[in-house]
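What follows is one structure encoded as structure tokens, with my remarks underneath.
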Amino acid sequence: MMKKLLMLALMLTVPTASLADNVKQGAIEVKGASALSFSSSSVKPDGGDKTTTSTFLLDTSAAYYVTPNIGVGLELAYDRTTIKPTGLPEVKDTMWSIGPKVVYDRGIAEKMSFFAEGMVGLTGMDNDGSKVDGWGFGLGAGVKYFFAPAFSADVGVKYQYAKLEDDASNKATANNLFVGVGFSVYLNN
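Here my numbering runs 38 ahead of the position in the sequence shown, where the first position is 1.
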């Protein structure tokens, strides 16, 4: 029985051991993703008032790989949305977050790896001068394709949660789900 378990363990780890070299121990990953979005919608069934919304999102992070599969680092996210209703003043929302993160990276093919990441930190929001702050967390997973040992394109999904409160103890929560593409540069890889 022990031999069978040992053989099973070897079969599961040896083939993937050669694939796990996409990120080496001591490498520093600098990751960035951005998004621009624009939408225009009519809020009356007869086509009356029009609202235009534009969003700019920047999400960047850096992680130091303490092992070939696990990195620790810092993440910073910034999101600015402008809403322009016809005949009314525009509204600007700005949201930010910063905090430590952990990354798990596992090779699944010669130039591909699966990644999962988590972040917990401080977050804040400014809605036309009304400011709230609090804490939040983010969880993400996806696939990286390595064009070269020092460069990858990342496709994934990310969930973000924030619990916010203002000085008057008014509370709010925010939940966001993103699907996106980003790029990573690896130093010392």
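Every residue, glycine too, gets a C-beta built ideally from N, C-alpha and C.
Computed from a predicted model, the values in this text were never measured in an experiment.
- Please state whether DSSP places N165 in a helix, a strand or coil. strand
- Query: Quick one: what does DSSP say N214 is sitting in, helix, strand or coil?
  - Reply: strand
- Query: Buried or exposed: E155, going by 16 or more other Cβ atoms within 10 Å of its Cβ?
  - Reply: buried
- Query: Hey, I136 and A100: beta-carbon distance below 8 Å or not?
  - Reply: no
- Message: My assumption, with CB atoms under 8 Å, is that Y102 sits in contact with G109. Please give the rounded CB distance.
- Response: 6 Å
- Which whole-angstrom value is the C-beta distance of K196 and G174, which I expect to be below 8 Å? Actually they are not in contact, since the Cβ atoms of K196 and G174 sit about 12 Å apart, beyond 8 Å.
- Task: Just grab the DSSP bridge partners of E203 for me.
- Result: D171, K209
- Message: What does the alpha-carbon distance come out to for the pair T91 and T211?
- Response: 21 Å
- Query: By how many angstroms is the C-alpha of N60 removed from the C-alpha of N214?
  - Reply: 30 Å
- Go ahead and pull the three-state DSSP assignment for A55. Below a pLDDT of 50, predicted positions are generally treated as unreliable, and A55, at 41, falls in that range; no measurement from the model is reported.
- Message: Looking at the secondary structure, which residues open and close the beta strand (DSSP E) in which G145 lies?
- Response: 129 to 147
- For V61, which residues does DSSP report across the bridge? BP columns for V61 are empty, so no partner.
- Task: Report yes if the CB atom of A179 is closer than 8 Å to the CB atom of G167, and no otherwise.
- Result: no
- Message: Using a 10 Å radius around the Cβ and a threshold of 16 neighbouring Cβ atoms, would you call G125 buried or exposed?
- Response: exposed
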